[in-house]
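S.K.: Below is the structure I would like to discuss, written out as structure tokens.
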Amino acid sequence: MNFKAGYVAIVGQPNVGKSTLLNKIIGEPVAIVTPKPQTTRNRIIGILNRPDAQLVFIDTPGYHSIPRPLHQFMLNEIEKTIDESDLFCFLIDPESDQPHLDDDLLERLHGKNPIVIVNKADLITQARKKEIAEELRDKWNLKELFFISALHGDGVQELIQTLTDRLPEGPKFFEEDIYTELPIRFLAAESIREQAMLLLHQELPYGLAVEVVSFEEKPQITVIKANIVVESPSHKSMVIGKGGQMIKKLGTRARERIEFMMGDQKVFLELFVKVDEDWTLSADKLRQYGYV
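Each residue of the sequence shown is one higher than the one before, counting from 8 in the numbering used here.
Below, the structure is given as structure tokens:
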């Protein structure tokens, strides 16, 4: 049997479980996951190595229609991924209140034969699954449909096998001992942003970025200094919290996650809060904070 290798895009609306699926497939916390929409901003790559194949998964930002510079950057990330990938996992929520976004995204995938996947199947009754299958087959003329639970892993191995069967033949793109090509500096920044999104007020995270100022790896400890960037002084106060308790809690959680990703290497994490008003509206600021 000849070896296979290829890129697999994971696309869909916000909060359908794309990042959860990537992490389940890879078996490592490659992508940050929160209950809030638009958690993923950049393309996140996870690499699955099998004896017969290498699957390079690309988790993309949630597909949306918000006309702001930061959201346009996210749409561009999706478009680049669509252009560069061999296979496509199209995750959907059949109960979405914006089904037109699924229709629009499917149109962008025209001719690419995406695998349509209904996630969170563990929350759907058998009767409802049958209804969903009939509705989607009639609506999109589907030949196949997967029901999975990215959180619990139901149906994920079957999905991986289907993807492997469809991969083109070719040599591996990456060495076998890595599971992502993303630098640890980027993953550290994402870990800080993840904890901020989990701990802070509902509306704050969308105007929040993380800027790693320095990242110094020493034999016994890694020293990281980072700015948490917000858009107003009131947001800065929220991040710091009463008596500095919020930023202390955030820093502890982020440090523990970074240490785990680095193989339990000891980490010293120092966080600062920086106000940069309306940074999400400035192309130069988006570039400065890594959204090029």
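Just so you know, even glycine gets a beta-carbon here, dropped at the ideal spot from N, CA and C. Please read all numbers here as calculations on a predicted model, not as lab measurements.
1) Going by other Cβ atoms of all chains shown within 10 Å of its Cβ, with 16 needed for buried, is Gly251 buried or exposed?
2) Can you tell me which of the three DSSP states Val37 falls into?
3) Flag this pair as yes or no: are the beta carbons of Val236 and Val217 separated by less than 8 Å?
4) Please state whether DSSP places Asn30 in a helix, a strand or coil.
5) For Val56, name the three-state secondary structure that DSSP assigns.
6) For Arg173, collect the residues of the same chain with a Cβ closer than 7 Å to its Cβ; drop the 5 residues on either side in sequence, then sort them by chain order.
7) What does DSSP give as the partner residues of Asp66 in its beta bridges?
8) Between which two residues does the beta strand (DSSP E) containing Glu224 stretch?
9) Look at Ile39 and Gly53 and say whether their C-beta atoms are less than 8 Å apart.
10) For Leu7 and Leu293, I'd like the C-alpha separation in whole angstroms.
11) Fully enclosed by the region 101-166, which alpha helix (DSSP H) runs are 4 residues long or longer?
12) From Lys150 to Glu201, what does the alpha carbon distance come to, in whole angstroms?
13) Looking at the secondary structure, which residues open and close the beta strand (DSSP E) in which Phe275 lies?
14) If I'm right that Ile311 touches Ala16 with Cβ under 8 Å, what's the distance once you round it to whole angstroms?
15) Do you know how far the Cα of Ser241 is from the Cα of Phe181?
16) If you follow the beta strand (DSSP E) that Asn234 is in, where does it begin and where does it stop?
17) Under 6 Å Cβ to Cβ from Thr171, same chain only, skipping five residues before and after it: list those, please.
18) Under the DSSP definition of a beta bridge, which residues are partnered with Gln61?
19) Can you name the residues that DSSP bridges to Ile247?
20) Just to confirm the assignment, what range does the alpha helix (DSSP H) spanning Leu205 have?
21) For a test of the three-state rule: what should DSSP assign to Ile185, helix, strand or coil?
22) Should Arg135 go down as buried or exposed, given a rule of 16 or more other Cβ atoms within 10 Å for buried?
23) According to DSSP, simplified to helix, strand and coil, what is Leu211?
24) Which one or two residues does DSSP pair with Leu98 in a beta bridge?
25) Here's the rule I'm using: 16 or more other beta-carbon atoms within 10 Å means buried, otherwise exposed. How should Pro121 be labelled?
26) Would you call the CB atoms of Glu86 and Asn49 closer than 8 Å?
27) Who are the Cβ neighbours of Asp285 in its own chain at under 7 Å, not counting the five residues just before and after it?
M.R.: Let's see:
1) For the purposes of this step, residue 251 is taken as residue 244 along the sequence shown, with counting starting at 1. Under a 10 Å Cβ-count criterion, Gly251 is classified as exposed, with fewer than 16 other Cβ atoms of the shown protein chains found around its own Cβ.
2) Within the sequence shown, residue 37 is the residue found at index 30, counting from 1. DSSP places Val37 in the coil class of the three-state scheme, outside both helix and strand.
3) By one-based count along the sequence shown, residue 236 stands at place 229. By one-based count along the sequence shown, residue 217 stands at place 210. In this structure, the beta-carbon distance from Val236 to Val217 falls below 8 Å.
4) By 1-based counting over the sequence shown, the position of residue 30 is 23. Residue state, collapsed to three classes: helix.
5) Within the sequence shown, the letter at position 49 stands for residue 56. First, the amino acid is wrong: residue 56 is Asn here, not Val. When secondary structure is reduced to three states using DSSP, Asn56 falls in the strand class.
6) On the sequence shown, residue 173 is found 166 positions in, with the first residue counted as 1. The residues are Leu94.
7) As a first step, residue 66 must be located in the sequence shown, where it is residue number 59. Answer by DSSP bridge pairing, in chain order: Ile17, Ile51.
8) In the sequence shown, the residue the question calls residue 224 occupies position 217. Per DSSP, Glu224 belongs to the beta strand (DSSP E) from 216-224.
9) On the sequence shown, position 32 is the one that residue 39 refers to. On the sequence shown, position 46 is the one that residue 53 refers to. In this structure, Ile39 lies away from Gly53, with their beta-carbon atoms at least 8 Å apart.
10) Given that the chain is displayed from residue 8 to residue 299, the structure contains no residue 7 and the question cannot be resolved.
11) Note on the region 101-166: whole alpha helix (DSSP H) runs with a minimum of 4 residues are 106-115, 133-147, in chain order.
12) Mapped onto the sequence shown, residue 150 falls at position 143. Mapped onto the sequence shown, residue 201 falls at position 194. The alpha-carbon atoms of Lys150 and Glu201 are separated by roughly 37 Å.
13) Here the question's residue 275 lines up with position 268 in the sequence shown. Where Phe275 is concerned, the enclosing beta strand (DSSP E) stretches over 274-282.
14) For the chain, the structure presents residues 8 to 299; residue 311 sits outside this window and is missing.
15) As a working note, residue 181 is residue 174 in the sequence shown. As a working note, residue 241 is residue 234 in the sequence shown. Spanning the two alpha carbons is a distance of roughly 45 Å.
16) Residue 234 sits at position 227 when you count from the first residue of the sequence shown. Counting along the chain, the beta strand (DSSP E) containing Asn234 begins and ends at 229-237.
17) For the purposes of this step, residue 171 is taken as residue 164 along the sequence shown, with counting starting at 1. Cβ within range, chain order: Ala60.
18) If you number the sequence shown from 1, residue 61 lands on position 54. According to DSSP, Gln61 bridges with Ala12, Asn56.
19) Position 240 of the sequence shown, counting from 1, holds the residue named residue 247. For Ile247, which the question treats as bridged, DSSP gives no partner whatsoever.
20) The residue given as residue 205 occupies position 198 in the sequence shown. Per DSSP, Leu205 belongs to the alpha helix (DSSP H) from 191-206.
21) Within the sequence shown, the letter at position 178 stands for residue 185. In the structure shown, Ile185 sits in coil (DSSP, three-state: anything other than H, G, I, E or B).
22) For the purposes of this step, residue 135 is taken as the residue at position 128 of the sequence shown. Label assigned to Arg135: exposed.
23) What you label residue 211 is simply residue 204 of the sequence shown in a count that begins at 1. It is coil, neither helix nor strand.
24) Position 91 of the sequence shown holds residue 98. Gly19, Ile124.
25) As a first step, residue 121 is located in the sequence shown; it is residue number 114 there, counting from the start. So Pro121 counts as buried.
26) Looking up residue 86 in the sequence shown gives position 79. Looking up residue 49 in the sequence shown gives position 42. With contacts defined by Cβ atoms closer than 8 Å, Glu86 and Asn49 do not form a contacting pair.
27) For the purposes of this step, residue 285 is taken as residue 278 along the sequence shown, with counting starting at 1. The residues Glu238, in chain order, have a CB closer than 7 Å to that of Asp285 in the same chain once the five nearest residues on each side in sequence are set aside.
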